[in-house]
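Comments concern the structure below.
There are 2 protein chains.
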Amino acid sequence: MTEPEAERAPLDPEMFDPVCPSPLAPFRVGDKWAPMVLRCLQDGPRRFSELKVPLGGVTAKSLTRSLRGLEQAGFVAREEHGGTERRVEYSLTPLGRGLLGALDAACEWTREHWDELIDAQEAGLSGTAGR
Amino acid sequence: MTEPEAERAPLDPEMFDPVCPSPLAPFRVGDKWAPMVLRCLQDGPRRFSELKVPLGGVTAKSLTRSLRGLEQAGFVAREEHGGTERRVEYSLTPLGRGLLGALDAACEWTREHWDELIDAQEAGLSGTAGR
DNA sequence: GTGGCTGGTTTCCGATCGGATACCGCCCTA
DNA sequence: TAGGGCGGTATCCGATCGGAAACCAGCCAC
């Protein structure tokens with residue numbers, strides 16, 4: 001099992017480079033932020049405000065919508081720790097962990113063919129410019 | 132190489148069941164019709180009007196947009212056979228064939244976990260109904 | 001010359017997506 | 001009593017998505 005937060009490394013605020021071209025990847029899961037949320041949860045549960053850090057410009061609304069979607073699909077679990085302080089933690093379900101694995105395979109294919117993808121797209125952009 | 136159309140089996144008009152729940156699959160490629168278009172091209176080049184058949188309700192506009200997108204990304208090639216009759220054929224590029232293979236792997240994962248996906252989603256729908 | 005097939009384009013329209021901004025209750029600390 | 005952090009909601013807005021319907025040129029057969 002994973003250690004209780006304090007023992008886990010905090011999320012790297014720059015784990016998603018703002019100029020990263022990942023929107024060009026042909027595979028998509030959920031909405032715009034969903035794949036990154038899954039990635040953020042791979043080392044254990046995370047709090048709402050913890051997730052906002054590496055996700056740069058995400059607004060609370062967008063992050064909430066993304067989390068609700070993942071929760072409804074059964075990929076993410078939301079747990080309210082009703083202690084004296086407010087504390088909500090999100091974690092991967094086993095199904096969500098499996099999805100992340102499958103997504104990794106898709107990412108791997110993308111990485112392997114990245115140069116071809118870029119070249120083909122540039123050729124396509126110039127070749128179909130007039131239509 | 133593939134035989135010249137007349138020798139290839141025509142596309143099954145019902146190859147995409149209208150009640151097929153594939154929109155529930157977590158992986159998406161391109162726009163709404165793109166994965167089905169790729170699938171239609173796996174046995175060789177197809178004509179525009181040939182593609183419309185198994186794609187049930189697709190409008191010419193939507194199919195055109197989808198094909199242009201795939202062409203621009205370098206997954207599909209468009210060839211105009213300027214003979215006496217008008218004839219346009221769409222085919223997979225090597226890159227597109229590779230994408231279809233990777234997509235197959237994602238589909239396989241989805242098929243393997245289909246029951247879990249359905250169960251989890253139903254639980255999620257009832258569990259988060261009030262939020 | 002009229003109609004039909006092919007492979008589209010154009011216009012319009014409603015639905016959805018995603019961001020900006022403001023606001024909220026609850027709890028803690030100073 | 002005021003302010004700050006947490007975990008959100010509510011409202012508005014512009015951009016994009018996707019379908020319906022109309023229209024089009026080129027070529028064919030009747």
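If you're matching them up, the sequences are chains A and B in order. According to my numbering, the residues represented by the first sequence are 1 to 131, in order. According to my numbering, the residues represented by the second sequence are 132 to 262, in order. For every residue, glycine included, the Cβ atom is placed at its ideal position computed from N, Cα and C.
Skipping 5 residues on each side, what residues in its chain have a beta carbon closer than 6 Å to that of residue i?
{"i": "A/F48", "result": "V88"}
{"i": "B/G188", "result": "none"}
{"i": "B/A237", "result": "F158"}
DSSP state of residue i, grouped into three classes?
{"i": "B/R159", "result": "strand"}
{"i": "A/G74", "result": "coil"}
{"i": "B/R177", "result": "strand"}
{"i": "B/M132", "result": "With a pLDDT of 47 at B/M132, under the threshold of 50, the modelled position of that residue is not reliable, and no figure is offered here."}
{"i": "A/E112", "result": "helix"}
{"i": "A/E122", "result": "helix"}
{"i": "B/L142", "result": "coil"}
{"i": "B/F147", "result": "coil"}
If you follow the beta strand (DSSP E) that residue i is in, where does it begin and where does it stop?
{"i": "A/L92", "result": "V88 to L92"}
Checking contacts by CB at 7 Å: is residue i closer than that to chain B?
{"i": "A/A77", "result": "no"}
{"i": "A/G130", "result": "In this prediction, A/G130 has a pLDDT of 49, which is less than 50 and means its spatial position is unreliable; what the coordinates show is noted afterwards. Judged by the 7 Å Cβ criterion, A/G130 is not in contact with chain B."}
With a threshold of 8 Å on Cβ separation, who are the neighbours of residue i within its own chain once the five nearest residues in sequence on each side are excluded?
{"i": "B/T321", "result": "Nothing about residue 321 of chain B can be read from this structure; chain B reaches only from 132 to 262."}
{"i": "A/S91", "result": "L41, G44, P45, R46, V76, A77 and E79"}
{"i": "A/Q121", "result": "L24"}
{"i": "A/P54", "result": "L11, D12, P13, E14, M15, F16, M36 and C40"}
{"i": "B/L234", "result": "F158, V160, P166 and L169"}
{"i": "A/L63", "result": "W33, V37, F48, L51, K52 and L55"}
Considering residue i, what are the terminal residues of the alpha helix (DSSP H) in which it resides?
{"i": "B/L169", "result": "A165 to C171"}
Does residue i have its Cβ less than 7 Å from a Cβ in chain A?
{"i": "B/E211", "result": "no"}
{"i": "B/W240", "result": "yes"}
Apart from the five residues just before and just after residue i, which ones in its own chain have a Cβ nearer than 7 Å to its Cβ?
{"i": "A/E80", "result": "V88"}
{"i": "A/V37", "result": "L51, S66, L67 and L70"}
{"i": "A/L95", "result": "G74 and F75"}
Can you list, in chain order, the residues of the stretch 139-173 of chain B whose Cβ is nearer than 8 Å to any Cβ on chain A?
P157, F158, R159, V160 and G161
Note down, in chain order, all residues in the stretch 41-74 of chain A with a beta-carbon under 7 Å from any beta-carbon belonging to chain B.
R68, E71, Q72, A73 and G74
Relative to chain A, which residues along the stretch 215-229 of chain B have a C-beta separation below 8 Å, given in chain order?
T224, L226 and G229
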